[in-house]
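If you read the sequences in order, they're chains E and D. Using numbering that gives the first Met the number 0, read the first sequence as starting at 0 and increasing by one per residue. Using numbering that gives the first Met the number 0, read the second sequence as starting at 0 and increasing by one per residue. We treat Cβ as the ideally placed atom computed from N, Cα and C, and that holds for glycine. Since this is a predicted model, take the numbers as computed values, not measurements.
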Amino acid sequence: MTDQYHNEPMLELFIFESMQLIEQMEQLIIANEKFESYDSDAINEIFRIMHTIKGSSAMMLFNNISTLAHSMEDVFFVLREDKPKNIDSSQLSDLVLEGIDFIKVEIAKIRNGDEAEGDAAALIESLRVFHATIKAQNYTVSDQEMKDTATSKGYSAHKKQQYYISKVRTEPQSYSNSFQASLFFEEDCGMENLRAFGVVNDLGDLVKEYYHIPADLDHEDSAEVIQEQGFTLFFKTDRSLEEIHRTLGQTIYLKDLQLTQVKNSEPFDDLHEERKILLNDSAKISVSSSREGITNDQKESYSSASQQSIISVSVAKLDQLMDLVGEMVIAEAMVTQNPDLKGLELNNFEKAARQLRKITSELQDTVMSVRMVPLTGTFQKMNRTVRDMCKKLNKDVRLELIGQETEVDKNIIEHISDPLMHLIRNSIDHGIEMPSDREMKGKPRWGTITLEAKNAGGDVLIIIRDDGGGFNKAKIMSKAREKGLLQVPEDEITDNEIYNLVFLPGFSTNETVTEYSGRGVGMDVVVKNIEAVGGAITADSVPGKGTTLTLKIPLTLAIIDGMNIKVGDSRYTIPTTAIKESFRPKTADIIVDPDDNEMIMVRGQCFPILCLHERYHVNTLVTNFADGIIIMVEQDDQTLCIFADELIGQQQVVVKSLPAYIKHTKKVTGLAGCTLLGDGSISLILDIAGLFSVKKTG
Amino acid sequence: MSENEAVDSEDQVEDTQKGKFLTFCLGTEFYGIEIKYVTEIIGLQPITEIPEMPEYIKGIINLRGKIIPLMDVRLRFRKPFREYNDRTCIVVIDIRETPIGLIVDSVSEVISISDEEIVSPPSLNKERNKYIRGIGKVGNEVKLLLDSGKLLTDLETENLENI
Numbered sequence: 000m001t002d003q004y005h006n007e008p009m010l011e012l013f014i015f016e017s018m019q020l021i022e023q024m025e026q027l028i029i030a031n032e033k034f035e036s037y038d039s040d041a042i043n044e045i046f047r048i049m050h051t052i053k054g055s056s057a058m059m060l061f062n063n064i065s066t067l068a069h070s071m072e073d074v075f076f077v078l079r080e081d082k083p084k085n086i087d088s089s090q091l092s093d094l095v096l097e098g099i100d101f102i103k104v105e106i107a108k109i110r111n112g113d114e115a116e117g118d119a120a121a122l123i124e125s126l127r128v129f130h131a132t133i134k135a136q137n138y139t140v141s142d143q144e145m146k147d148t149a150t151s152k153g154y155s156a157h158k159k160q161q162y163y164i165s166k167v168r169t170e171p172q173s174y175s176n177s178f179q180a181s182l183f184f185e186e187d188c189g190m191e192n193l194r195a196f197g198v199v200n201d202l203g204d205l206v207k208e209y210y211h212i213p214a215d216l217d218h219e220d221s222a223e224v225i226q227e228q229g230f231t232l233f234f235k236t237d238r239s240l241e242e243i244h245r246t247l248g249q250t251i252y253l254k255d256l257q258l259t260q261v262k263n264s265e266p267f268d269d270l271h272e273e274r275k276i277l278l279n280d281s282a283k284i285s286v287s288s289s290r291e292g293i294t295n296d297q298k299e300s301y302s303s304a305s306q307q308s309i310i311s312v313s314v315a316k317l318d319q320l321m322d323l324v325g326e327m328v329i330a331e332a333m334v335t336q337n338p339d340l341k342g343l344e345l346n347n348f349e350k351a352a353r354q355l356r357k358i359t360s361e362l363q364d365t366v367m368s369v370r371m372v373p374l375t376g377t378f379q380k381m382n383r384t385v386r387d388m389c390k391k392l393n394k395d396v397r398l399e400l401i402g403q404e405t406e407v408d409k410n411i412i413e414h415i416s417d418p419l420m421h422l423i424r425n426s427i428d429h430g431i432e433m434p435s436d437r438e439m440k441g442k443p444r445w446g447t448i449t450l451e452a453k454n455a456g457g458d459v460l461i462i463i464r465d466d467g468g469g470f471n472k473a474k475i476m477s478k479a480r481e482k483g484l485l486q487v488p489e490d491e492i493t494d495n496e497i498y499n500l501v502f503l504p505g506f507s508t509n510e511t512v513t514e515y516s517g518r519g520v521g522m523d524v525v526v527k528n529i530e531a532v533g534g535a536i537t538a539d540s541v542p543g544k545g546t547t548l549t550l551k552i553p554l555t556l557a558i559i560d561g562m563n564i565k566v567g568d569s570r571y572t573i574p575t576t577a578i579k580e581s582f583r584p585k586t587a588d589i590i591v592d593p594d595d596n597e598m599i600m601v602r603g604q605c606f607p608i609l610c611l612h613e614r615y616h617v618n619t620l621v622t623n624f625a626d627g628i629i630i631m632v633e634q635d636d637q638t639l640c641i642f643a644d645e646l647i648g649q650q651q652v653v654v655k656s657l658p659a660y661i662k663h664t665k666k667v668t669g670l671a672g673c674t675l676l677g678d679g680s681i682s683l684i685l686d687i688a689g690l691f692s693v694k695k696t697g
Numbered sequence: 000m001s002e003n004e005a006v007d008s009e010d011q012v013e014d015t016q017k018g019k020f021l022t023f024c025l026g027t028e029f030y031g032i033e034i035k036y037v038t039e040i041i042g043l044q045p046i047t048e049i050p051e052m053p054e055y056i057k058g059i060i061n062l063r064g065k066i067i068p069l070m071d072v073r074l075r076f077r078k079p080f081r082e083y084n085d086r087t088c089i090v091v092i093d094i095r096e097t098p099i100g101l102i103v104d105s106v107s108e109v110i111s112i113s114d115e116e117i118v119s120p121p122s123l124n125k126e127r128n129k130y131i132r133g134i135g136k137v138g139n140e141v142k143l144l145l146d147s148g149k150l151l152t153d154l155e156t157e158n159l160e161n162i
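Following this line, the structure appears as structure tokens:
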């Protein structure tokens, strides 16, 4: 994963932040879509996200993203400011999700070092149409509101003495909109008068006629006035409210912005009559209450964002930390179990060593916990999948999430996200029936897919349960026959075995290939992905009632409980979870078949033996079964007996991968990696699943 | 801006190392390897063998927590194996972010060889010269200058042939 990130830090940050924001937004939209309306918090949040993305992508010169974000921002601006009724929220969600997808694709291109050249023109156009529609719908409402505001404005303006400067005195009525803006700067920004002047300057081209309080910006006293009362600006323009709002919103050190539209010319006329010098009277400018509310909301959301005390760290750094801690554990063992200390009576040293051991193991646990990430993000993503699928296939499916707070190692999460999505797609496509069919069967119209995660010892179980039609045994069997996937005689096959046939490569029971599933490549890719992280998948189904898929994945890849064994001078580590038992074999129990395959009888059952020294050509003095030890291991219902010289002991080991050079040279089957033992020597970690295939081919 | 500076300083570092070679011997011949690839030289350490590897890959060692593969250069060049002794050294080199340890008979010295003193190897026998980048003349002696990249990459093509 980290290998891809050779980009400059700025770009990396942009990608990371935008992805995070986009995902956050996607969730918001999906959550709101369920209620078929957007609440004001969500609208504010989405508006803010779009604004941020617009800004950052414009800064990074990704203009297509920025213009798209801009038009999405426009839409949400109208939603936020005018609160239109009767919006088609599903159309809105579709549009916004489409936009999100576009940005996602572009960001993916940027990450891969490609040019982000996608054209969002069509999308922007449809957003613009939508924007116009809601704007028009809302016209009557906002007009009314405008009038109210204007009246109160006119009233308060009467009471004030203001100064008026006009740039162009002629024809003030030709500009359709009049605005009043109050700007408050951050308390300690300094030079308020110059900043205010900057604002006026920025607006320069957009507005034709303006005056402001205080009027004399050259005078230093005006800085204090602005600091206390804010900078109030009246102007006329032919631009829309949101355009002005955007321009003003870009002012630096802006703490608060209140922008209101005032009825044409009223305050202007008043002020034409009362051109008097403004004194320091503290007339408070009244604003419409709704606007006040919004600015407060905004402030709240800003402050909550700044209080967040989470930092993002690259996984590479965590891996490094993990390595260092692993080394420290070894170093600690090297000190406390130093052979030089043998036979010495060292009470104080022992005490100190115990303390050290405690701290190192605590440190190790903490570092491990840092790498653990809750499944929430991965699970939430599935909402989108379900939504899109339902729309496309006209099915009604609800997704229930249980135990999404379950934590799993970051590396593993990356590996299971795609398989999960695929399995859920399969469930919706093949499992859940059409609403009408469901009603005929006496089930509720909507299907339910439950995604559940829970801890089970050293593993995490992820269960995907649907209440659809279940697997069709006969269909699976005939398909398997057709494709020649059956290895067991047909009359002996169990239900479970039939269900698990679907995970074999090249298997797909759906007659028609749909956009989402049915190419027959899916399932075995899923299985491969899951197996890559040392997990397993099983299927169970009740005809007519539904299907349950269970993924078993390990909590972490980085540290395992291992049993160290010795063969000649080499040491090997077997994951303890795979070990069933170990025992000293009796020569009488050993059976050798004509092909020289050795087997052993244990409690009436016969198991194959794998001699590590033969398999890996290690020189050892222990070749006689009676002198060594047998370790019985089990994986995926297969059992194997490994013959080794002796057991060394059990310990937690930090898994390191073999050097890239070795992996390039040859992929050694049966080796999962290596680890450092307490004395600094290296032990090779055996991959039990790999050993089975070694046994089969060898 | 800062990128340019970084490139500059890198250039400078390379400049000070340019033309410098670490020489080591295998039997009677002297070999040179560009100093910029060399990370460190260590004595022989306990080696963990990896099964199913070509003969010249001796295994892996633990170098302060890093797992580094070892290549016996003698065997790599199809010379007879010689028992390791206290003169045997491991030259740890880093080629394109891939660390690897080279087991050599002994390390001699770091010498400067200017470009004019380097001649390309005779191309009579291509098979033998594929790891040699050039031949450096130092006084009366010649040093065979290794193409470090080839030591690693050639192996992949070799593997393909084996399949």
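Check	Outcome
7 Å Cβ cutoff met for E/I21 and E/I64	no
Any alpha helix (DSSP H) of 4 or more consecutive residues that is wholly inside the region 583-657 of chain E	611-614
Which of helix, strand or coil DSSP assigns to E/V95	helix
Residue burial classification, E/L343 (beta-carbon count within 10 angstroms, cutoff 16)	exposed
Environment of E/D595 [buried if 16+ CB atoms lie within 10 Å]	exposed
Three-state secondary structure assigned by DSSP to E/N382	helix
E/H211 classed as buried or exposed, judged by whether at least 16 other C-beta atoms fall within 10 angstroms	buried
Partner residues on chain D for E/Y660, Cβ-Cβ distance less than 7 Å	P68, T97, I99 and L151
E/E406 - containing beta strand (DSSP E), residue span	E406 to D408
Which listed residue (D/L21, D/I59, D/V72 and D/G31) has its alpha carbon closest to that of E/K655	D/I59
Interface positions of the region 564-581 of chain E facing chain D (Cβ-Cβ less than 7 Å), listed along the chain	S569
C-beta atoms of E/G627 and E/F642 nearer than 7 Å	yes
Assigned secondary structure, E/F502 (DSSP; H/G/I helix, E/B strand, else coil)	helix
Simplified DSSP assignment, three categories, for E/L676	coil
Proximity to E/P574 [Cα-Cα], best of E/D560, E/K565 and E/E580	E/D560
Alpha-carbon spacing of E/I589 relative to E/L690, whole angstroms	20 Å
E/Q226 vs E/L240 beta-carbon contact at 7 Å	no
Cutoff 7 Å: D/G26 Cβ touching any chain E Cβ	no
Helix, strand or coil at D/R132 [DSSP, three-state]	strand
Min CB distance E/C610 to chain D below 7 Å	no
Proximity below 7 Å, CB of D/I67 to CB of D/G100	yes
Whole-angstrom C-beta distance between E/I28 and E/L96, which should lie under 8 Å	6 Å
Inside the region 398-464 of chain E only - beta strand (DSSP E) runs reaching at least 3 residues	406-408 and 446-455
Expected contact under 8 Å - CB spacing of E/M321 and E/V366 to nearest Å	6 Å
Alpha carbon of E/G467 to alpha carbon of E/I529, nearest angstrom	24 Å
Exposure label - E/V705; buried when at least 16 CB within 10 Å	With chain E covering only 0 through 697, there is no way to say anything about residue 705 of chain E.
Through-space distance from E/T586 to E/Q3, alpha-carbon basis	Below a pLDDT of 50, predicted positions are generally treated as unreliable, and E/Q3, at 42, falls in that range; the measurement from the model is reported next regardless. Straight-line Cα distance between these residues: approximately 55 Å.
Cβ of E/E11 within 7 Å of any chain D Cβ	no
Contact list for D/I59 against chain E, beta-carbon separation under 8 Å	L657, P658, I661, C673 and I681
Pair within 7 Å by beta-carbon distance, E/F230 and E/Y209	no
Residues bridged to D/N61 [DSSP beta-bridge criterion]	D/I66
Selected residue, minimal CA-CA separation from E/G376, among E/I243, E/Q23, E/F470 and E/D686	E/Q23
Limits of the unbroken alpha helix (DSSP H) element including E/A659	A659 to T664
Status (buried if at least 16 other CB within 10 Å, exposed otherwise) for E/R353	exposed
E/M388, DSSP secondary structure in three states	helix
Contacting residues, own chain, Cβ-Cβ under 7 Å from E/E331 (five flanking each side not counted)	L355, R356 and T359
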